[in-house]
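Notes follow once the structure below has been shown.
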Amino acid sequence: MKTVIIGANSFIARNLIYELKKSKECIQLNLYDIQNNQSDNEKNYTQINLLNKEDIKKIDFNCDIIYIFTGKTGTLKGFDEYEDFLKINELTLLNILDEYIRSNSKAKIIFPSTRLVYKGKEGKLNENSEKEFKTIYSINKFACEEYLKMYNRLYNIPYVIFRICVPYGTMIKNASSYGTIEFMLKKAKNKEDICLYSQGELRRTFTHIKDLTGALIAGANSKQCLNDIYNIGGEDLSLYDVAKEISKKYEVGIKFIPWDDNALKIESGDTVFDSDKLDRLLNFKYKYKLKNWIEERE
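The sequence shown begins at 150 in my numbering and counts up by one.
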């Protein structure tokens, strides 16, 4: 299996590479990103600028699978940097698809999306649940989902979209998700109280990186997992549940604070995933528990 990873220096991509190198199915990895070097000094790495169409021609489209991890993340930041968000999150995908067609590629495209495309609600969200877009980033991701559907209808480009909620953990030293849990851990390690808006009642699906990469690899290799959107599952926990375990481990307090006005305006609410569609298709089992992961940390 010849696999291409675009955005090879991203947090998820670095962990995915680690797992793919152990896979018997993956016989060759070709890696691409904008930095001079691959963060973990992996071989077969090429520096490219996805906004430069000539650079995109450096990608080896004669492959079986293409993972696309490029993107600019952020919530409020997107309103200040909307031009960069549009270029990096949408135009780059369209540039890739354009060259894909020119190269007569048959590769299956794997695209990670986000919980932020959903309108939050109590209970679980399936792939058809109501959508709502409160940030530039969220609508960027949804636009990319729609682009992949369009190009599939017109050019028969095979794709799979995986919606991801809150990943945590790493198999790569110094690779961080810079997300919810990392923020709490940083506070706790510095012996500072963990701050939560309101009572920390908001719920999320938390997915260990090994379960996440396992689902990405299994889905990419499955012939049945094709031309569709899938939620990746995990544990249903409140932010308070997570903060409580971290505070206990590092012996710090939890501080409840009032909502910041702008943070409240862009807050999605509860986003807990129903991943039954993917789990049944792949017979996939989630192995990791956040509580155990926290307890095992130094």
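Built from N, CA and C at the ideal position, the CB exists for glycine as well. Owing to the predicted nature of the structure, the values given are computational and were not obtained by experimental measurement.
I need the boundaries of the alpha helix (DSSP H) containing residue i, first residue and last residue.
{"i": "Asp342", "result": "Unbroken run through Asp342: none, as it is neither H nor E."}
{"i": "Val153", "result": "That residue, Val153, is in no alpha helix (DSSP H); its beta strand (DSSP E) goes 151-155."}
{"i": "Val391", "result": "388-399"}
{"i": "Asp428", "result": "425-431"}
{"i": "Thr219", "result": "Counting along the chain, Thr219 falls outside any alpha helix (DSSP H), and DSSP gives it neither H nor E."}
If we count the other Cβ atoms within 10 Å of its Cβ and call it buried at 16 or more, is residue i buried or exposed?
{"i": "Ile250", "result": "exposed"}
{"i": "Tyr231", "result": "exposed"}
{"i": "Ser325", "result": "exposed"}
{"i": "Asp229", "result": "exposed"}
{"i": "Leu200", "result": "exposed"}
{"i": "Ala412", "result": "exposed"}
{"i": "Arg163", "result": "buried"}
Please identify the residue among the options whose C-alpha is closest to the C-alpha of residue i.
{"i": "Thr241", "options": "Ile259, Asn275, Lys202", "result": "Lys202"}
{"i": "Lys268", "options": "Asp390, Glu279, Phe291", "result": "Glu279"}
{"i": "Phe210", "options": "Asn277, Glu271, Ser172, Ile306", "result": "Ile306"}
{"i": "Asn190", "options": "Glu168, Glu174, Ala157, Ile197", "result": "Ala157"}
{"i": "His357", "options": "Ile215, Asp213, Glu331", "result": "Glu331"}
Measuring only the C-alpha atoms, how far is residue i from residue j?
{"i": "Glu384", "j": "Ile288", "result": "25 angstroms"}
{"i": "Asp204", "j": "Lys322", "result": "30 angstroms"}
{"i": "Lys192", "j": "Lys170", "result": "11 angstroms"}
{"i": "Glu394", "j": "Asp360", "result": "20 angstroms"}
{"i": "Asp428", "j": "Lys434", "result": "7 angstroms"}
{"i": "Ile166", "j": "Asp342", "result": "35 angstroms"}
{"i": "Ala292", "j": "Lys173", "result": "34 angstroms"}
{"i": "Ala364", "j": "Lys372", "result": "14 angstroms"}
{"i": "Asn244", "j": "Glu271", "result": "38 angstroms"}
{"i": "Tyr437", "j": "Asn380", "result": "17 angstroms"}
{"i": "Glu248", "j": "Ala369", "result": "21 angstroms"}
{"i": "Asn301", "j": "Asn185", "result": "33 angstroms"}
Tell me where the beta strand (DSSP E) around residue i begins and ends.
{"i": "Tyr231", "result": "No beta strand (DSSP E) holds Tyr231; the alpha helix (DSSP H) holding it covers 231-235."}
{"i": "Arg352", "result": "352-357"}
{"i": "Ser287", "result": "Ser287 -> not in any beta strand (DSSP E); alpha helix (DSSP H) instead, spanning 285-304."}
{"i": "Phe260", "result": "257-263"}
Just to confirm my understanding: we take residue i, look at its own chain, exclude 5 residues before and 5 after, and list those with CB closer than 6 angstroms. What are they?
{"i": "Gly220", "result": "Asn238"}
{"i": "Tyr304", "result": "Ile250"}
{"i": "Ile310", "result": "Phe260, Ser262, Glu294, Ile378"}
{"i": "Tyr389", "result": "Gly349"}
{"i": "Trp408", "result": "Tyr346"}
Using a Cβ-Cβ cutoff of less than 7 angstroms, which residues in the same chain neighbour residue i once the five nearest sequence positions on both sides are dropped?
{"i": "Ile176", "result": "Met150, Lys151"}
{"i": "Gly223", "result": "Tyr286"}
{"i": "Ser387", "result": "Gly349, Glu350, Leu351, Arg352"}
Give me, in chain order, the residues of the same chain whose beta-carbon lies closer than 8 angstroms to that of residue i; leave out the 5 immediate sequence neighbours on both sides.
{"i": "Gly418", "result": "Lys268, Gly269, Lys270, Leu351"}
Does the ligand NAD have a heavy atom nearer than 8 angstroms to the CB of residue i?
{"i": "Lys268", "result": "This structure lacks the ligand NAD, and indeed carries no ligand of any kind."}
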